[in-house]
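Trainee: Protein chains in written order, with this note's numbering: chain A, 26 to 373; chain B, 167 to 744. All C-beta atoms, glycine included, are put in the ideal place defined by N, C-alpha and C. Because the structure is a prediction, the values reported are computed rather than measured.
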C-alpha cells in the first residue's frame, strides 16, 4: 500500500519500473500457494491493460499536451457542437504519447502494488487482525471476496457442460446463457455455507450488561461522527483549527467503542500472527518508501516528473531510487519458510 | 444421547410430512447407521439432530428432539455446536477458511476456547486423522478423501459428543473410504463419541454399525434394530446380505468374513452347477448380457466359443492373445496420450482402445486421472502429446454440434447439463441441439424414467432421476460412445439397478460405454473390461473378472466370499443356482 502511495508521487518511468520490480521480487519469494496469491498475475495483467487503454485514448482522443513531434496524423472526425472540446483523431504527438504512457504506468504500478498486497496478506489474514467487534462484518467481506473465484470456476464448468450438449461454448451468447445457472449455483452454495457456519457455532454471543451495550453504541456512533466532522474540517479551509482535535477524539471514541463491543463476542483466536519486530520492520520499510518519495517530490519535483515538453530522456534520480530499494527489505528480513510470509505492506 | 420423540417434519409447501413417527434413541458411544432409499428423509432426520431442521431449512417439526438433554426447539444450531458436529454431503460446502489448520481451529474459535487449548487440540486432531503432513495445505488442493477427513476433523476439534455424517464415503474411492471409516471406528471406540451416519453404500459401513435405523419409504415410521435384524427386511441391502438371503443363511452375515465361514456348502453347489450351466448356456445361446459377463472366468472361452459372431466375441478372444484387429472401427482410440495440468502430469502415455458394444470401467484412486481421460475423449481438454480419435475425428478440434453425435458425456454433476425449467423444455432443447426428430428425447425419458410428467422442474428430481434425464439428453444424439463420470454417486440400490439395466441395454445395442467409477459392485455387474489408473498411468487393463479378483480393494464382496471361485455378482450366483 505504501508503495502505491509512493507511486502516485512520481511519473518517472524508471522509478516506476523499479517499484514494480521490487514488489514482484517480494511476491515471488514470499507468496503462499493459496488462490489469493495467484491474484497477483491477474492484477499484473489488469495493469498492463490499463496502460494500453490509456495509450489508446491518448491516440484516439488527443490530449491537451501541446507537442511538436508529430508521429502520425489520423483523420479527424468532425463532431457536433455539443461535443466541443472533444477531439476524435487528429495529430498524434510524441509528447502526448509519452505523457499518456507515464500516466498509465503510474496507474498500472498502483494496481500492481495492490495486487502484491493482496497476494501476500490475503483477505483471510487481514481478518485475523480485525478487532472482535468487527469480526462478523469481516467474515461477510471475506466470504464475498472468495465468491469471485468460485463464480469463475462455475462458469468454466457450465461452459464445459454446454459443449457437452453440443452448443457453441464461446461467444457472448454462450456466456450469457450460463449466467442464470451460475447465479443459482452461487446462491445454493452461499446457503450451504451459511448452514455449515451456523452449525459450527458462528455468531454465538456472550451476555453483556445493558449498560455496557449502551455505552458501546454511544461511543461507536459518537466516534464515527467525530471522525466525519474532523475529516470535513481538515478538508475545508476554514476548519483547520478544530479539524485535527475532533478527528483524534473521534478515532479514540470509536476505538474504545469497538473494544467494548468486542466483549460481546466469545471468539478467541487460534495462533494469531504475532506483531513483532520483524512486522514493524516490514511495515516500516513500506512507510519509509512512501515518506521518502513524498519528501523527494516536495524537494525536487523536476526529477520525479520528467518533462514531456520538450521531450527529454528521463534520468534516474539517485536518492528516490535508493529509497525504493528499501521496499526490498522484507524479502530478506522475513525467513522464506512457506508458512511465515509476513505481510510486507500493511495498509498505511 | 440423541432422542427422537414422535417426530414428524413437514417442509413448507409440501402436502405430506417428509418423515413421520420418528421415535428412537441413540445411546451414548454407539455408531448408528441410518439407511433407506433416496428421498426417504435421511438427510432430514440428520438435520433435525443438529437443529438445522427446522431452524435453518424452514418447515414444521412436531414432536421433540433432544441432544445431550438440550431441546432443539429452544436451542439454535449455533448453541448446539459444542455437542453436535455435522458434516454434510459435500465437504467443500462445509469449509469456511482456506487452509487445513485454520479450518480445524475455526469451530473452536467460534466457541471461544483458550488459545493453548486450541493449539493442543489441533495437534491431537491432526495426529488422530493422519493429517499432519497436510496442515499448511490450502483446502482447494486436497483430494476427496483428504477433504472428507479435514471436514470430520474440523467438527471434532470442539470435542462434540455427537457426530452426524451424511454420506461420508459416497464420493470416495474404496481405500479412502476405509480410511474415513477407520477414523470413525476409532472415535467410537477410543473417545466414546456417538456417531449417527447415513450412507447409500452399505457394503462399506454395515459391519461398523451397532444399530441400524431403517426409513423404508417417505413418510413411513422407521424400523430400528441390530444390523442383522434390519437387513433381513430392508429394501436396501449390500451384496453380502443379498447373497445371505439367497442362500437362506440365518442370522444374516454382515461381513465378508462371516459369510466366508458359511460359504463352503454354497461353493460346492456352485462348482457343481457351474459345470452343468456351461453346457446349458452353450447350447441355448446367449441369454443376455448378464450371463455373458456372468460366466466365470475359467468357463469364458468355452461360453464365448459356443456363441455366434457378436462384437463381444472378438472381445473375449482379445484377452488370451493380444488384440486381433476387428473389422469394425473402434469407438475410440487413444494413443500415447499425455496431459499436463499445471505442474502435474495428469495422464502419462495412455494407450486405450474401446470397441463398439464394449463396457469399460475406469477405476483408481481419487485424482488418478479418470475424469481427465474422459474429458480428453470428449474434447474438453486438449492432449499435451499423443492423439485421441473418437469416431474418426479429433474431439477437441471438432465443433460441439458435430461432436455430440459421436460421443456423449454424463458429467459427475448431471445437473450441470440441465438448464430448462421443465422436463418438456429440456427435451425440446435436446432434440434441437442434437438435430434429432422432435420427440426423440421425450421418448427416451419415458423409457428411462417412467412416470415423470412434462412440467416437472429438473431441480425437483432426485439424484437418480436427474442422472436418467441427463442420460436421456445425451443419448438423444445417439452417440456411439457414451461416457459416464461417477454415475452411482448418491444413488440407492434401486436406482443403481435401473441404471445397470439401461446401460446393459445400450451396450447390447452396440454403444461403447466408458464409466469412471469407485463403485466396485457396479463395475462387477456391467463392465466387460476394467482399466486401473494410478497417478496418470494405466497399471492394469483386462477383463473385469481377472482385474478385480486380483485386487483386494477393488474386489466386489461376492468375489471375496466365494474365492477362490471367481464369481462377481449375486445375479450370477442366482442364475447358476437356478
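Could you tell me how far apart the beta carbons of residue 248 of chain B and residue 324 of chain B are, in whole angstroms, since I believe they sit closer than 8 angstroms?
Mentor: As a position in the second chain, residue 248 of chain B is number 82, starting the count at 1. As a position in the second chain, residue 324 of chain B is number 158, starting the count at 1. Confirmed, about 6 angstroms.
Trainee: For the ligand ATP, I want to know if residue 282 of chain B counts as a neighbour, meaning its beta carbon is within less than 7 angstroms of at least one of the ligand's heavy atoms.
Mentor: The ligand ATP is not part of this structure, which contains no ligands at all.
Trainee: Entirely within the segment 203-269 of chain B and at least 4 residues each: give me those alpha helix (DSSP H) ranges in chain order.
Mentor: 208-216, 218-221 and 243-246
Trainee: Hey, how far is the Cα of residue 388 of chain B from the Cα of residue 424 of chain B?
Mentor: Translated into positions along the second chain, residue 388 of chain B becomes position 222. Translated into positions along the second chain, residue 424 of chain B becomes position 258. Their backbone Cα atoms lie some 27 angstroms apart in a straight line.
Trainee: Along the segment 209-240 of chain A, where does the CB come closer than 7 angstroms to a CB of chain B? Name the residues.
Mentor: 214, 217, 218, 220, 221, 222, 223, 224, 225, 226, 227, 228 and 229
Trainee: Looking at C-alpha atoms only, which residue of A/119, A/132 and A/235 is the closest neighbour of residue 79 of chain A?
Mentor: By 1-based counting over the first chain, the position of residue 79 of chain A is 54. The shortest C-alpha separation from residue 79 of chain A is found at A/132.
Trainee: Between residue 191 of chain A and chain B, is there a C-beta pair that is closer than 8 angstroms?
Mentor: Here residue 191 of chain A corresponds to residue number 166 of the first chain, with the count starting at 1. Chain B, which has a Cβ nearer than 8 angstroms to the Cβ of residue 191 of chain A, makes this yes.
Trainee: Where in the segment 294-350 of chain B do unbroken runs of the alpha helix (DSSP H), each at least 4 residues long, occur, reported from the N-terminal end onward?
Mentor: 310-322
Trainee: Determine the extent of the alpha helix (DSSP H) in which residue 393 of chain B is found, giving its start and end residues.
Mentor: For the purposes of this step, residue 393 of chain B is taken as residue 227 along the second chain, with counting starting at 1. Residues 393-399.
Trainee: Taking C-beta pairs closer than 8 angstroms, name the residues in chain A that residue 505 of chain B reaches, listed in chain order.
Mentor: As a working mapping, residue 505 of chain B is identified with position 339 in the second chain. Those within 8 angstroms of residue 505 of chain B in chain A number zero; the least Cβ separation is about 15 angstroms.
Trainee: Excluding the 5 residues preceding and the 5 following residue 569 of chain B in the sequence, name in chain order all residues of the same chain whose CB lies nearer than 7 angstroms to its CB.
Mentor: In the second chain, the residue the question calls residue 569 of chain B occupies position 403. Close CB contacts of residue 569 of chain B within its chain, under the 7 angstroms cut and outside five residues either way in sequence, are with 545 and 561 (chain order).
Trainee: Using 8 angstroms as the threshold, is the C-beta distance between residue 330 of chain B and residue 215 of chain B below it?
Mentor: To locate residue 330 of chain B, count along the second chain from 1; it is residue 164. To locate residue 215 of chain B, count along the second chain from 1; it is residue 49. Yes, Cβ-Cβ distance for residue 330 of chain B and residue 215 of chain B is below 8 angstroms.
Trainee: With 9 angstroms as the C-beta to C-beta threshold (strictly closer), list the residues of the segment 559-580 of chain B near chain A in chain order.
Mentor: 565, 566, 567, 568, 569, 570, 571, 574, 575, 576, 577 and 579
Trainee: Identify, in the order they occur along the chain, each residue of the same chain with its Cβ nearer than 7 angstroms to the Cβ of residue 740 of chain B, setting aside the five sequence neighbours on each side.
Mentor: Residue 740 of chain B sits at position 574 when you count from the first residue of the second chain. Contacts found: 412.
Trainee: Let's see if you can read the secondary structure: which residues bound the alpha helix (DSSP H) around residue 692 of chain B?
Mentor: Indexing the second chain from 1 puts residue 692 of chain B at position 526. Residues 686-692.
Trainee: Using a threshold of 8 angstroms, state whether the C-beta atoms of residue 296 of chain B and residue 338 of chain B are closer than that.
Mentor: As a first step, residue 296 of chain B must be located in the second chain, where it is residue number 130. As a first step, residue 338 of chain B must be located in the second chain, where it is residue number 172. Not a contact, by the Cβ cut-off of 8 angstroms.
Trainee: Only counting the same chain, and skipping five residues up and downstream in sequence, which positions put a Cβ closer than 8 angstroms to that of residue 275 of chain A?
Mentor: Looking up residue 275 of chain A in the first chain gives position 250. Counting only Cβ-Cβ distances below 8 angstroms, and skipping sequence neighbours, we find 247, 248, 249, 250, 251, 252, 253, 254 and 255.
Trainee: Note down, one range per segment and in chain order, each alpha helix (DSSP H) of at least 4 residues found wholly within the segment 708-744 of chain B.
Mentor: 710-716, 723-728 and 736-743
Trainee: Excluding the 5 residues preceding and the 5 following residue 475 of chain B in the sequence, name in chain order all residues of the same chain whose CB lies nearer than 6 angstroms to its CB.
Mentor: If you number the second chain from 1, residue 475 of chain B lands on position 309. Low confidence applies here, because residue 475 of chain B scores a pLDDT of 38, under 50, leaving its location unreliable and the question unanswered by this model.
Trainee: Would you mind working out which of B/365, B/244 and B/513 sits nearest residue 321 of chain B, comparing C-alpha positions?
Mentor: Counting from one through the second chain, the residue named residue 321 of chain B turns up at place 155. For the residues B/365, B/244 and B/513, the minimum Cα distance to residue 321 of chain B belongs to B/244.
Trainee: Relative to the C-alpha of residue 361 of chain B, which candidate in B/542, B/640, B/191 and B/529 has its C-alpha closest?
Mentor: Along the second chain, one-based indexing puts residue 361 of chain B at 195. Of B/542, B/640, B/191 and B/529, the residue nearest in Cα terms is B/191.
Trainee: Mind the definition here: the segment 713-726 of chain B touches the segment 349-366 of chain B only if three or more C-beta pairs lie below 8 angstroms; say whether that holds.
Mentor: Verdict: no, contact absent.
Trainee: Leaving aside the five residues before and after residue 439 of chain B along the sequence, list all residues of the same chain whose C-beta is less than 7 angstroms from its C-beta, in chain order.
Mentor: Numbered from 1 along the second chain, position 273 holds the residue referred to as residue 439 of chain B. 742 and 743, listed in sequence order.
Trainee: So, for residue 518 of chain B: in the same chain, excluding its five sequence neighbours on each side, which residues have a beta-carbon less than 6 angstroms away from its beta-carbon?
Mentor: To locate residue 518 of chain B, count along the second chain from 1; it is residue 352. For residue 518 of chain B, where only same-chain residues beyond five positions count, the Cβ hits under 6 angstroms are 500.
Trainee: Look at residue 202 of chain B and residue 402 of chain B and say whether their C-beta atoms are less than 8 angstroms apart.
Mentor: Here the question's residue 202 of chain B lines up with position 36 in the second chain. Here the question's residue 402 of chain B lines up with position 236 in the second chain. Closer than 8 angstroms, so yes.
Trainee: If you draw a straight line from the C-alpha of residue 218 of chain B to the C-alpha of residue 285 of chain B, how long is it?
Mentor: Your numbering for residue 218 of chain B matches position 52 in the second chain. Your numbering for residue 285 of chain B matches position 119 in the second chain. Between residue 218 of chain B and residue 285 of chain B, the C-alpha separation is close to 29 angstroms.
Trainee: Just to confirm, is the Cβ distance from residue 393 of chain B to residue 406 of chain B under 8 angstroms?
Mentor: Taking the second chain and counting its residues from 1, one reaches residue 393 of chain B at position 227. Taking the second chain and counting its residues from 1, one reaches residue 406 of chain B at position 240. Not closer than 8 angstroms, so no.
Trainee: When you compare only the Cα positions, how much space is there between residue 721 of chain B and residue 349 of chain B?
Mentor: Position 555 of the second chain, counted from the start, is the residue given in the question as residue 721 of chain B. Position 183 of the second chain, counted from the start, is the residue given in the question as residue 349 of chain B. Across the structure, residue 721 of chain B and residue 349 of chain B are spaced so that their CA atoms are roughly 22 angstroms apart.
Trainee: The segment 175-190 of chain A: which residues have C-beta closer than 9 angstroms to a C-beta of chain B, in chain order?
Mentor: 182, 183, 185, 186, 187, 188, 189 and 190
Trainee: Just to check my reading of the structure: residue 575 of chain B and residue 649 of chain B have Cβ atoms closer than 8 angstroms, yes? What is that Cβ distance to the nearest angstrom?
Mentor: For this step, residue 575 of chain B is matched to residue 409 along the second chain. For this step, residue 649 of chain B is matched to residue 483 along the second chain. Yes, they are in contact, since the Cβ atoms of residue 575 of chain B and residue 649 of chain B sit about 4 angstroms apart, within 8 angstroms.
Trainee: Hey, residue 637 of chain B and residue 678 of chain B: beta-carbon distance below 8 angstroms or not?
Mentor: Residue 637 of chain B sits at position 471 when you count from the first residue of the second chain. Residue 678 of chain B sits at position 512 when you count from the first residue of the second chain. Not closer than 8 angstroms, so no.
Trainee: Alpha carbon to alpha carbon, what distance is there between residue 213 of chain B and residue 235 of chain A?
Mentor: For the purposes of this step, residue 235 of chain A is taken as residue 210 along the first chain, with counting starting at 1. For the purposes of this step, residue 213 of chain B is taken as residue 47 along the second chain, with counting starting at 1. Distance between the alpha carbons of residue 235 of chain A and residue 213 of chain B: 35 angstroms.
Trainee: Here's a check: name, in chain order, each residue in its chain whose Cβ is nearer than 8 angstroms to the Cβ of residue 179 of chain B, leaving out the five neighbours to either side.
Mentor: Residue numbering aside, residue 179 of chain B sits at position 13 when the second chain is read from its first letter. Around residue 179 of chain B: no qualifying Cβ.
Trainee: Could you tell me which chain A residues have their CB closer than 9 angstroms to the CB of residue 363 of chain B, listed as they occur along the chain?
Mentor: The sequence position of residue 363 of chain B within the second chain is 197, counting from 1. Within chain A, no residue comes near residue 363 of chain B; the closest Cβ sits about 16 angstroms away, beyond 9 angstroms.
Trainee: Taking DSSP as the reference, what is the three-state secondary structure of residue 280 of chain A?
Mentor: For the purposes of this step, residue 280 of chain A is taken as residue 255 along the first chain, with counting starting at 1. Per DSSP, reduced to three states, the secondary structure at residue 280 of chain A is helical.
Trainee: What are the boundary residues of the alpha helix (DSSP H) that residue 673 of chain B is part of?
Mentor: Your numbering for residue 673 of chain B matches position 507 in the second chain. Here the alpha helix (DSSP H) through residue 673 of chain B covers 659-674.
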